[in-house]
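Below: the structure, in structure tokens.
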Amino acid sequence: MTDHSDTTESTEPGRRDFLGMVTTAGVAAGACACAVPFVQSLAPQDSASAHLPVDVDISKLAPGQQMTAVWQGKPVFILRRTPEDLKQLQDAALVADLRDPDSSVLQQPSYAKNWHRSLVPEYGVYVGVCTHLGCVPVYEAITGGDNKGRYNCPCHGSKFDLAGRVRKGVPAPYNLPVPPHVLVSPTQLRLGESPKGESFDFSSIVQI
Numbered sequence: 001m002t003d004h005s006d007t008t009e010s011t012e013p014g015r016r017d018f019l020g021m022v023t024t025a026g027v028a029a030g031a032c033a034c035a036v037p038f039v040q041s042l043a044p045q046d047s048a049s050a051h052l053p054v055d056v057d058i059s060k061l062a063p064g065q066q067m068t069a070v071w072q073g074k075p076v077f078i079l080r081r082t083p084e085d086l087k088q089l090q091d092a093a094l095v096a097d098l099r100d101p102d103s104s105v106l107q108q109p110s111y112a113k114n115w116h117r118s119l120v121p122e123y124g125v126y127v128g129v130c131t132h133l134g135c136v137p138v139y140e141a142i143t144g145g146d147n148k149g150r151y152n153c154p155c156h157g158s159k160f161d162l163a164g165r166v167r168k169g170v171p172a173p174y175n176l177p178v179p180p181h182v183l184v185s186p187t188q189l190r191l192g193e194s195p196k197g198e199s200f201d202f203s204s205i206v207q208i
């Protein structure tokens, strides 16, 4: 009777190595997919419905959490900022490290040209497309230590604060765009529409 134990023992490590390579390749492919620029999604939409306002239910959005909606084919970050987030946005050291702290460049409606770059301080609303080459930045909440809360672009290292303001010394030239938005109710945000008496043509911004 033939003893196959040596053959089994010799092939098992090879099989495990192969499976490990497949798993690693899958993880790497997934990471690359996350970093692909949203160039195609920024192409003009044929359907008129793509340009209609979008209502977003924010009733379950807890302080410190972010959700992503889609408006005009673009990812829109909706961040419910904590009191600590808002305090950090006004920190002198942070402001000194921003390229456009006062939102002088037209990247937002007039009603969002303030230190929190939104209609109300609690909710930050930004188009989640890096102004360098169109990748999608990653949200990092305040966790203490050196992490003061920010958005990091995984493609080329651009950094933005929790108001979407770009840091100095990074590839991105402008702050993240702020779309027209209005709070229809305390639990519902509408993208693509400005508050009563206000107007904003999103196509007039400097860069998306």
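Going by full-length UniProt numbering, the first residue of the sequence shown is number 1, and it counts up by one from there. Beta carbons: idealized from backbone N, C-alpha and C, even for Gly. None of the values given here were measured: they were computed from a predicted structure.
- CA-CA distance, H132 to A172, rounds to 4 Å.
- Residue pairing of Y123 in beta bridges, as defined by DSSP: R80.
- Annotation for C153: C130, C135 and P137 place their beta carbon closer than 6 Å to its own, counting only its chain and skipping 5 residues before and after.
- By the Cβ-count criterion, S118 is buried, with 16 or more other Cβ atoms from all chains shown falling within 10 Å of its own Cβ.
- When DSSP states are grouped into helix, strand and coil, Q66 belongs to the strand group.
- Unbroken beta strand (DSSP E) runs of no fewer than 3 residues, entirely contained in the UniProt domain "Rieske" (90-190), are found at 123-127, 138-140, 150-152 and 181-185, following chain order.
- Per the Cβ contact rule, the region 152-170 is in contact with the region 86-102 (3 or more Cβ pairs under 8 Å).
- In the three-state reduction of the DSSP assignment, K60 falls in the coil class.
- The residue among Q207, S199 and G128 with its C-alpha nearest the C-alpha of Q66 is G128.
- Just measuring C-alpha positions, the residue of E140, Q188 and G124 sitting nearest R81 is G124.
- Exposure of A93 is indicated by the presence of fewer than 16 other C-beta atoms within 10 angstroms of its C-beta.
- For the set P63, V70, L61 and A62, the Cα lying nearest the Cα of P53 is the one of V70.
- Scanning its chain for C-beta atoms nearer than 7 Å, with the 5 sequence neighbours on each side dropped, one finds around P101 the residues V95 and R165, in chain order.
- Of the candidates L86, Q108, P109 and S110, L86 places its Cα closest to the Cα of P121.
- In this structure, DSSP gives K87 a helical state, which the three-state scheme calls helix.
- Inclusion of P180 and F200 in the CB contact set at 8 Å is warranted, their separation being smaller than that value.
- When rounded, the separation of the alpha-carbon atoms in V184 and E198 is 14 Å.
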